[in-house]
Structures are given as structure tokens and as C-alpha cells.
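Every number in our numbering is 3 more than the matching position in the sequence shown, counting from 1. Built from N, CA and C at the ideal position, the CB exists for glycine as well. Below you'll find the structure, written out as C-alpha cells, and then a few comments.
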Amino acid sequence: MPARARARTRPLVAGLACLIAAAALLAGCSKGGGPKGALDAFLAGWPTGKLDNVGFLAPTGDKLPASQVAAQIRGLSGDLRGTPPDLRIDGDPKITKDLATARVKVDWKLPGGNHWTFPTTVRLKKFADDWAIIWEPAIINAGLEVGDELAVRRVPSARASILDGAGQPIFEPRPVVVVGVQPNEVADIADLVRQLDAAFRSLPIPAVDLSDLPARVKAAGPTAFVDVAVLREPAYNQIRGRIHDLAGTVFRRESRDLAPTREFARALLGTVDDATKDDLDKNPGTYQAGDKVGHGGLQERYDERLRGVPGERVVIERKAADGTVTETEVFTAEPKAGTPVKTTLDARVQRAADAALGPEARNASVVAVRVNDGSVLAAANGPRGGSQNLAFTAQVPPGSTFKMVSALGLLDRGAVTLDGVVACPKNITVDGQTFKNSHDFALGSVKFREDFAKSCNTAFASLAPKLGPDGLARAGASLGLGGAWDLGVDAFSGKVSSGGAAAEQAMAAFGQGATQVSPLAMAAAAAAVARGQWQQPNVLLDPAPKSPAQPGPRLKAGSVDPLKTMMREVVTYGTGKALGDVPGQPVYGKTGTAEFDGNPAHTHAWFVGWQGDIALAVFIQNGGDSTTSSVPLAERFLRNLG
């Protein structure tokens, strides 16, 4: 190229270089749109970290790469980087020559659900024909500087208690001792496990599994506190002399929300414990390590109501040159205490039921219902409080306690009278199937009241045709069995056999066959007989169930009065006569022994009835003969009440 031509191109190259430099400076600035366009691009990119379409200047006027700003936003956001804020421009930017300021509303949702809202100011500077954001950490929050981080501190809320019928808290802070092991103090881990196991087994608590303790001790740090068991203080005191001085044992005293005793309505109420890994995994964001969580029963079902809403603090963490960290609080959401759950339980009656179950090693339940209004006064499960609320949810045959229902149906139909003779042979065959009485007894031709008092299966089997295909189900329905209940907690109202073949009807008449009930259902049925009208049992006062069943029709006096007479005679001279000398008002009832798996040697044991204003049902799974198991259990309960 000629020299003249080369000279003319130099200004053009220089001009292009200037334009490229300017473009690099404001790479990605909104093209046109003024300061609002630049601001829109910045606010859109802040939550995502995609800021390539935004130009940035330092307060000194130096250009900043968008990647550097994005990295600073991530770092400054700290605990909140995973939940970017909602950002809105508050009014039009104010422009003064080549500078502009804009107010932005920041709405940051915190991990616990609270919202931290505040205004911030964004400054912009005009460059050539466009605008750039003047980047400074104070845009995120006025107190922030480079190197700081936002941190969120959870503020626990006060967990509310479950209340009894008198409005008194059942769960209160009570002292416990956490038994632990410090690895570097253990002399002989095998011997330590053996001695701890022997001590724990001497307590009336479920077995403490120590099988993995050696492995946990080995994996832990030398001075770590390896949890072994949490004991109520009275239980710890019982074995303190056996475990306190063992080489390696360490102890931590704490306070935990507990019922008066370990057994107190445990299966119904549940427990309050530290959040488990399973809790944290299944409820991300809801719980944190160290939170108290309801497990089982009402504590779990109403956990959200009871635990309230934790508060949250947002702080600025600032690390000094020497490594020390200071915190400056910039926001606090106060915790909201939980709301109590009020039950109908009566502490005195519950303790009596728990104590009655104390000696029972088999799965068993005692339910007590107030006759006057259906309130559940006690729901006890054993052994040791039980792992399931069988008192409410068991689905088992009622055995001869169901003769209370059959007799009501027969009396309603006028098919029997108290003194009418109904034969009680040793056995009876219906549709090719033979039925017999417990222990093969026979009464001969006796009054119906004696058939009832001494629980004659064959007499009731012979009367089944007089009930008709649905008579038993109708009588059961009048006592609430099989109805649609809403208690605010799981409960089985029963299922009554209806419309079966002749043999099924015969079995159903004395509580076998397809009929199934729960102890609660039978306690409510007994209360209905005592009151003369069925009313749904209730255990929750607040929150009250949304759709409780309506009360049943009044029972016919001509039927319920003779039924009461017969249930009293069960106690005065029949199968429940061991209850005849219980102090207080007269006891009414019906015993029951129910086969459940086709083996006559395997039977559940029952007693249902009432004394005064308390109706009860006693159930022992595979309890054998009722006169030697469920009746003595009922007696212990009623005597405990006295």
C-alpha cells in the first residue's frame, strides 16, 4: 500500500480501538432505556448470577467485570445464597446530570418462612450513551462490606403442651440424665457394655440396644460424648450406684418436655424428642438439628400447631485479620409460641389405668369413658405404655362382650325376656358347624338372664335366627358400632357382621365371626347402655373435631333396663363376680373370651361395663380366660380409682 494511504488509516484504527475499549467497559449494559433499563437488567441478573448483560463500575470509577460482581453477591449472601430475593424498583430513578439513584425493595424469604424486607439504594453512572451500575456491597444491605457474609440464626419457639381435661399441662419440662461414654476413658468396652446392659435391664423401660456401642465408641473422637440412653432422673437414681463410676461413663443433665410418667397415655399422646435424621430428610427446611419434634400420637399429629413458628435472626458476620468473627444483627423475626392441644384426659383416671396395666406383660389396653358426655378419661396401653394405641385402633373380635349387643337386639324385637327360658346345651350345631361353651359347660333349661350372666354361647347361637340377617348390625349401630366417627385422632368404630349364612349369624351372636371392634368402641357402647343413648366418644376439646358423629336415638327403656339388670347380675353371680366387692357404686359388666386365629387355645380376654359415671373396656391380646385375666385387670383399675 502507498505511504499516503497507510497514513490515512491510522485514525480509523485508533477510533476502532477506542470503541472496543468502551464496549469492554460497558459490556452488556442495557442498550438504551436509560438508567431504568440498566437497573432492570441488574435486578433480573442478581437472583440468578447471570450479569453478563450489565456493566459495572467501582465507586472510584474503575470498571468491574460482571463475573467479579456475581461472585461477590454470592459470597455476601452467605446462608441466603440458595434463596435469592424478590426485587422491585420503588419509583423512577432520580437523575442528576450523569448520575442516577434508584430505590429498590428487597424481599428475602428466610429458611424458616419469615420474610426480611427492606429498601436499598442503587447508584448508576452515565458512560457515553449508556448507564452502568456503581457496584458496592451496601446494595445488598447497608451494613455489608467486602468479605462479609449474611448468616441466619434460628430462634427456637416455645413448644406448647398437651393439656388434660382440667386444662393442666400434661407435658412439662422434667429433669433427665443423658448417659454417655467418653472413648478415651474406657478401659474395657465389652465389660462396660455388659454392665450397662445389666443396669438398664433392671429398670421398667424398653430394652436399650447397646449392640452398636463398641463400633460407635471406636469411630468417635477420644473426648467425644457418645450418647447411650436418656433416663428420667428417678430412673437414673435407681441405677446410679451401678453405672456412675464405671470407667468411661459420662453424664449430662438436661430438661425435656415429658408426661408425668413414661407410661402416661404414651401411645395416644406420643413423645417429644430431638429431631432425627429421618425427620430432617423428610422435612427439609422445616426442622433443624437440635429441634424438638413430636413422634407418634397427638404430639406428631399436631406437631405444627404445638411447636409454633421459630424466629430467625439475620446477622452480618465479619472476620477480622486475627480470625475472630463478630456478628451484627440486621433483622429479627420473633418466634411465635405453639398453641396447646386440649384433651379430655383425667390425670387421676389415667394414672389408675396405667397402674392397673403395670403387672401385665402382654399387649393390653384399658379405656375409660365418662358416661355422661362420652369424654375419654383414660387410654392406657401396655406393656410400659405400648408402642401402638390399641385402645383406639385394635380391630379384634369382641367375644362374649358382644352378647350385650345381641341381647339388646333380641330385647328390641321382643324375642326374649329376662325370665323366659332359653336352653343352654353343651354344644349346638348350626348349618353343619358345631359351637360349644367355654370349658364345655352346660346349664340346661334356664332363664335368659342366667344364660347372659354365665355367658352361654349355645343359647345365643340358638337365638340368632330371631335377630334376622341385619338385626345384630342394627343393634350395634344403635350403640355407635361401625359408625363414621371423627375424633381428630385415629380410631376404629367397629364392623358388625350382617347378612351372613346361618353359621356366621350364630357365631356373630356371641361375638365371633366377621365382627370386629376396638376397646374404645366397646367402652362407648357400654356407656351408651348406661346412659340410654349413644354419644360419640371424644378425646380432643381444642382443636375440636370438624365432623363428629351425631348422638344416636334414645334406646328403648323396655330393652335397656333389663339389659342393665343382666349386666349387673354378671357381677353379682356370673362370670364377673370377682368385681362384686369393689368399693363404691355398683359395677355392671360383661366378660368375653374371643378366639382369633382358629385355635381354641388362643383367645383374647375382655371386660366391658361401668361403675357410676365411668364406663370401661379392658382388652388383653391373647389373654386367655377372661375370669383370670381381664376381670382381675378391671378390678385393679376400679380399686385404683377408689
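Residue of the options minimising C-alpha distance to residue i
i	options	result
serine 465	Gly483, Gly479, Asn430, Leu490	Asn430
asparagine 392	Gly423, Gly299, Val352	Gly299
valine 399	Val57, Pro217, Thr596	Thr596
aspartate 443	Gly485, Gly115, Pro603, Arg534	Pro603
arginine 162	Pro172, Arg265, Gly168, Val155	Pro172
leucine 558	Pro565, Thr578, Val532	Val532
proline 556	Phe451, Gln538, Arg316, Gly314	Gln538
valine 229	Leu213, Gly244, Arg243, Leu283	Leu213
alanine 494	Ala382, Asp282, Glu188	Ala382
aspartate 133	Ser632, Pro186, Gly37	Gly37
arginine 256	Pro176, Phe203, Ala278, Val296	Pro176
glycine 502	Gly474, Ala487, Thr342	Gly474
glycine 2	Ala250, Gln302, Tyr290, Leu249	Because the chain here runs from 4 to 645, residue 2 falls outside it and cannot be looked at.
glutamate 139	Leu380, Pro287, Tyr576, Leu60	Leu60
threonine 346	Ala487, Gly293, Ala131, Val542	Val542
leucine 83	Arg204, Asp277, Asn117	Asn117
threonine 396	Ser448, Gly485, Leu309	Gly485
glycine 146	Thr99, Arg321, Val611, Lys129	Arg321
Same chain, Cβ closer than 8 Å to residue i, neighbours up to 5 away in sequence not counted
i	result
arginine 642	Val585, Pro586
glutamate 507	Ser500, Gly516, Ala517
glycine 31	The predicted position of glycine 31 is uncertain, since its pLDDT is 43 and thus under 50; no value can be drawn from it.
asparagine 240	none
alanine 24	Residue placement at alanine 24 cannot be trusted, given a pLDDT of 39 that sits under 50; the coordinates are not used to answer.
glycine 224	Pro186
aspartate 422	Lys450, Phe451, Arg452
Nonlocal neighbours in the same chain, by C-beta distance under 7 Å from residue i, ignoring five residues either side
i	result
leucine 413	Val419, Leu466, Lys469, Leu470
aspartate 93	Arg106, Val107, Lys108, Pro122
valine 318	Ala154, Arg156, Glu330, Thr331, Glu332, Val333
threonine 357	According to the sequence provided, residue 357 is aspartate. The question's threonine does not apply to it. Here the set comprises Thr264, Glu266, Phe267, Ala383.
serine 550	Asp489
glutamate 236	Pro178, Val179, Val180
Under 8 Å between C-beta atoms of residue i and residue j
i	j	result
valine 107	threonine 123	yes
alanine 476	serine 496	no
alanine 394	valine 370	yes
isoleucine 136	valine 125	yes
alanine 456	valine 573	yes
leucine 446	cysteine 427	yes
valine 184	leucine 216	yes
alanine 262	phenylalanine 174	yes
threonine 594	valine 563	no
alanine 527	glycine 479	no
lysine 339	serine 160	yes
leucine 644	alanine 355	yes
valine 231	isoleucine 192	no
isoleucine 623	leucine 636	yes
isoleucine 76	glycine 52	yes
serine 458	serine 409	no
glycine 626	histidine 605	no
proline 62	glycine 288	no
glycine 251	alanine 190	yes
Sequence-distant residues of its chain with Cβ nearer than 6 Å to residue i (five each side left out)
i	result
glycine 385	Leu360, Glu363, Ala367
alanine 238	Leu206
valine 520	Pro401, Gly497
glycine 389	Ala270
Residue i: first and last residue of the uninterrupted alpha helix (DSSP H) it sits in
i	result
threonine 575	560-575
threonine 342	Run containing threonine 342: none; DSSP gives neither H nor E here.
alanine 581	Per DSSP, alanine 581 belongs to no alpha helix (DSSP H) and is neither H nor E.
asparagine 460	460-481
glutamate 507	505-512
glutamate 257	Where glutamate 257 is concerned, there is no enclosing alpha helix (DSSP H), although the beta strand (DSSP E) it sits in stretches over 252-261.
alanine 74	69-80
phenylalanine 405	It is not in any alpha helix (DSSP H) - phenylalanine 405 carries neither H nor E in the DSSP assignment.
glycine 48	37-48
Supposed close pair residue i, residue j - CB separation, criterion 8 Å
i	j	result
glycine 168	leucine 348	6 Å
phenylalanine 254	valine 181	7 Å
leucine 127	leucine 42	7 Å
aspartate 434	alanine 512	Contact doesn't hold; Cβ gap of about 13 Å is too wide.
lysine 450	valine 424	6 Å
tyrosine 305	valine 275	With a Cβ gap of about 12 Å, tyrosine 305 and valine 275 do not count as contacting.
isoleucine 208	arginine 387	7 Å
glycine 81	glutamate 152	3 Å
Limits of the beta strand (DSSP E) - the one that residue i falls within
i	result
phenylalanine 640	Segment 633-644 is the alpha helix (DSSP H) holding phenylalanine 640; no beta strand (DSSP E) there.
arginine 373	367-373
threonine 123	118-130
asparagine 440	Note, asparagine 440: premise wrong, no beta strand (DSSP E); not H, not E.
phenylalanine 622	617-623
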